[in-house]
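Chains as they are written, first to last, in our numbering: chain H, 98 to 482; chain R, 699 to 821.
Down below is the structure, laid out as structure tokens.
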Ligand SMILES: Cc1ncc(COP(=O)(O)O)c(C=O)c1O
């Protein structure tokens, strides 16, 4: 059997065994609706409450300021639209490297009459807080800047952005889907009013996430129906998912710091191994101020997808930084925003390591990448791309 | 796997990859949509392809298509190749997914261009 190596933890992660154990009774045994007043409902409610408590403890916020949602995408939609629509009209500030869940939400708001500023990033993929200051106008109603981008992993200067926003009385939403449970987050010190965070990037189940809403933040609901989640988000709660989310976060509390150290050493081993054997390769993003397990590499003059395919055939899962759909190539908008020339950006490959990644895995990947890239380059037309 | 075994084999073990010195004809095919590029070199003897080599830039299927194409045209009369259809390249790969048909197109374009060049030089 060929070896299988999963280096796509930023896309999703395996559910932690302790999480599976915690969730299991909530499918067939504890199945009541948490809004029901009877014992079955109360048992389900108890599971949801414990999860909320665990997450609140981890984030050091009051439990009633956490709303459960159906995923990072919903949390982002809720956060950005909730702030904007509560103010009716105005100007929204975001960055060019947000996840589509934020970018397309802001675009949708523009179509409804809001205006928007999309902040540039520097060569490391970081927003300049000074640009935030300059972008703020009297009618600015919201700022949404992510904590780290899934592809490149550079951490954004949220504390500085939060401070500037405070000075101007503008609420701040932060998409922390990629950082929550991987690097420390302090919503008070960082000046965060709303925080999107998700379960399936941290060994919890898919389809469940949360939005932290600082007390007193003027928000409207974007999903209407029953009076769930203190009327902030209608819909019967995903009880097993929420229970698993709570457990996943509790486990993160124990494992996060050690894992960050271990995984970031492996990430360095991967980069150093590849850099030593493959010419014309670069590491994107900030060298140190970044997500621990993310390595975005660009192989000049090679096309991302051919590397992804070649590695897939070796049992290795990584993701392509550029995608060719129906014959239209899209180099990553994130790398383009960072100013990478096209002949580099087209060859972007992201590896994201996680708790099960070993040094042997990393060495196997290095041993597979080097000959593959060499072969792809042999077949390459001179001066192509 | 969304690709045929034949395609994967050509991708992993490309035939006839690389530059040809002093070829009798060269042709290129490019897919503007995604920058995929194939270049085919021909050595011609008695009106037939005596040797073909290719260079390709693009996703896995494009590299595989160039490899399969270089085998497909061996020993064929250059006159026939002036009309090579992408479907023939695709068949040599045992099929392509709908969103990767352009792989066969760039290679067929490159072969037709090379054949056209040779024919026009001869006349
Ligand atoms: C930064 C960021 N935000 C939001 C999302 C959306 O998460 P989901 O697809 O689980 O809704 C992702 C997922 O990759 C992400 O990386």
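Cβ coordinates follow ideal geometry from the N, Cα and C atoms, glycine included.
Here the structure is a predicted model, which is why all the values come from computation and not from measurement.
Query                                                                                                                           : Result
Alpha-carbon spacing of residue 792(R) relative to residue 475(H), whole angstroms                                              : 25 Å
Where the alpha helix (DSSP H) through residue 247(H) begins and ends                                                           : First-last for residue 247(H): undefined, no H or E at that position.
Residue 702(R) versus residue 794(R) - alpha carbon distance                                                                    : 8 Å
Residue 442(H): contacting residues in chain R (beta-carbon distance under 7 Å)                                                 : In chain order: nothing, as chain R lies at least about 11 Å away.
Interface flag, residue 253(H) vs chain R, CB-CB below 7 Å                                                                      : no
Ligand 1 heavy atom lying under 6 Å from the CB of residue 196(H)                                                               : yes
Residue from 104(H), 179(H), 173(H) with nearest C-alpha to residue 329(H)                                                      : 179(H)
Check: residue 272(H) C-beta below 6 Å from any heavy atom of ligand 1                                                          : yes
Beta strand (DSSP E) segment containing residue 386(H), residue limits                                                          : No beta strand (DSSP E) contains residue 386(H), which DSSP labels as neither H nor E.
Expected contact under 8 Å - CB spacing of residue 211(H) and residue 196(H) to nearest Å                                       : Not quite, the Cβ-Cβ distance comes to about 19 Å (not below 8 Å), so this is no contact.
Selected residue, minimal CA-CA separation from residue 787(R), among 759(R), 814(R), 749(R), 818(R)                            : 759(R)
Residue 354(H) classed as buried or exposed, judged by whether at least 16 other C-beta atoms fall within 10 angstroms          : exposed
Minimum length 3: unbroken beta strand (DSSP E) runs contained in the region 251-281 of chain H                                 : 269-272
Neighbour list for residue 709(R) in chain H, Cβ cutoff strictly below 9 Å                                                      : 403, 406, 407, 410
Interface residues of chain R facing residue 475(H) [CB-CB closer than 7 Å]                                                     : 715, 716
DSSP state of residue 423(H) mapped onto helix, strand, coil                                                                    : Any answer about residue 423(H) is weak, because its pLDDT of 47 lies below 50 and its placement is not dependable; what the coordinates show is given next. Residue 423(H): coil per DSSP, three-state reduction.
Residue 100(H), DSSP secondary structure in three states                                                                        : coil
Sequence-distant residues of the same chain with beta carbon closer than 8 Å to residue 116(H), five excluded per side          : 300, 301, 302, 341, 344, 345, 348
Beta carbon proximity, residue 446(H) to chain R, threshold 7 Å                                                                 : no
Alpha-carbon to alpha-carbon, residue 260(H) and residue 737(R)                                                                 : 56 Å
Residues within the region 736-768 of chain R neighbouring chain H, beta-carbon criterion of under 9 Å                          : 736, 737, 752, 753, 754, 755, 756, 757, 758, 759, 760, 761, 764, 765
Contact check, residue 810(R) vs residue 766(R), beta carbons under 7 Å                                                         : no
Any non-hydrogen atom of ligand 1 within 6 Å of residue 209(H) CB                                                               : no
Members of the region 781-798 of chain R that neighbour chain H once the beta carbon cut-off is set at 7 Å                      : 797
Residue 716(R) to residue 473(H) span [Cα, whole Å]                                                                             : 10 Å
Completely contained beta strand (DSSP E) runs for the region 722-789 of chain R, where each covers 3 or more residues          : 723-729, 734-743, 746-755
heavy atom of ligand 1 below 6 Å from residue 241(H) C-beta                                                                     : no
Residues of its chain near residue 202(H), where Cβ-Cβ distance is below 7 Å and the 5 sequence neighbours each way are ignored : 173, 174, 177, 178
Distance, residue 798(R) Cα to residue 423(H) Cα                                                                                : For residue 423(H), the pLDDT reaches just 47, beneath the cut-off of 50, and the residue's location in the model is therefore unreliable, leaving the point undetermined.
Buried versus exposed, by CB contacts within 10 Å (16 or more), residue 438(H)                                                  : exposed
Beta strand (DSSP E) segment containing residue 379(H), residue limits                                                          : 378-381
Beta carbon of residue 803(R) nearer than 7 Å to that of residue 775(R)                                                         : no
Cβ contact (3+ pairs, closer than 8 Å) linking the region 319-338 of chain H and the region 113-132 of chain H                  : yes
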